[in-house]
Amino acid sequence: MAKGMRKSLDLSANLETFFHDVVDDAMRKKQLAATEAAEYYLVSLLTDYARPDARSCEALERPLTLLLDEALHAPGQERFERLRVLGDGVLYVSGFFAPHLETRGVEVRYVTSVGARAYDGAGRMLRGSSGEAAPDLFFELAENFQRFAELLSDIAERLSLSSTSSSTGVLKLYERWLKTGSETLGTELLGRGVLPVRGQGGLH
1 MAKGMRKSLD LSANLETFFH DVVDDAMRKK QLAATEAAEY YLVSLLTDYA RPDARSCEAL
61 ERPLTLLLDE ALHAPGQERF ERLRVLGDGV LYVSGFFAPH LETRGVEVRY VTSVGARAYD
121 GAGRMLRGSS GEAAPDLFFE LAENFQRFAE LLSDIAERLS LSSTSSSTGV LKLYERWLKT
181 GSETLGTELL GRGVLPVRGQ GGLH
């Protein structure tokens, strides 16, 4: 096996192991119940988005309504793949970029509804082609879309916190806490000796 290919495989394995630990830890702390298949799917999604391809980035760059319409009108297997990829993209964006969406005036609830509909459509295609024995993974993703998006948001915050150490970084954490009221950020600020307080007075 070529040296470059070995490095690529090692990196993929390391990323998957890393994200498995991150997802498992976040689910335990949030007491979020999910099937093993759903947990593995989230790990794979995060691993894939660590090195996204062009189609994976569409949810960040093109109108979601247009992407959903194109997916629903695509033929056969392409329809399933487009719906799945759209669901993945929206789930990732909803988790990692929700504050950015809000600052742009995008309704997060609408965004998550598009992602849930995409996964639901993918699940219906599988069930339609495979009968009652079809796996319910995509229905689980659709029905719990908001909870999984919140889980990814929590993971995004934890990853951001792990790279923040300076006083400037702590101030940025506090500013994010003011905007989001995140329990994770509040706990981290307390752990760094900072009492997060809303209103006049700022950091304590």
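The sequence shown runs 1 to 204 under the working numbering.
Where a beta carbon is used, it is the ideal one built from N, C-alpha and C, also for glycine.
Taking all protein chains shown into account, decide if residue i is buried (16 or more other Cβ within 10 angstroms of its Cβ) or exposed.
| i | result |
| --- | --- |
| Leu66 | exposed |
| Gly89 | buried |
| Glu157 | buried |
| Gly87 | buried |
| Asp53 | exposed |
| Glu78 | exposed |
Residue i lies in the alpha helix (DSSP H); which residues open and close that run?
| i | result |
| --- | --- |
| Phe97 | No alpha helix (DSSP H) holds Phe97; DSSP gives it neither H nor E. |
| Val43 | 36–49 |
| Asp69 | 64–72 |
Would you tell me roughly how many angstroms separate the C-alpha atoms of residue i and residue j, rounded to the nearest one?
| i | j | result |
| --- | --- | --- |
| Glu107 | Lys29 | 27 Å |
| Leu37 | Val43 | Note that residue 37 is Ala in the sequence shown, not Leu. If I take the Cα positions, the gap works out to 10 Å. |
| Phe18 | His73 | 37 Å |
| Thr207 | Gln146 | Since the displayed the chain opens at 1 and closes at 204, residue 207 lies outside it and no answer follows. |
| Asp48 | His20 | 13 Å |
| Val114 | Gly121 | 11 Å |
| Ala2 | Ala50 | Model confidence at Ala2 stands at a pLDDT of 44, short of 50, so the residue's coordinates are unreliable; what they give is reported in the following sentence. Distance between the alpha carbons of Ala2 and Ala50 is about 23 Å. |
| Leu151 | Ala34 | 11 Å |
Please classify residue i: does DSSP put it in a helix, a strand, or coil?
| i | result |
| --- | --- |
| Gln77 | helix |
| Asp53 | coil |
Inside the region 112–151 only - alpha helix (DSSP H) runs reaching at least 4 residues | Fully enclosed alpha helix (DSSP H) runs of 4 or longer: 137–143.
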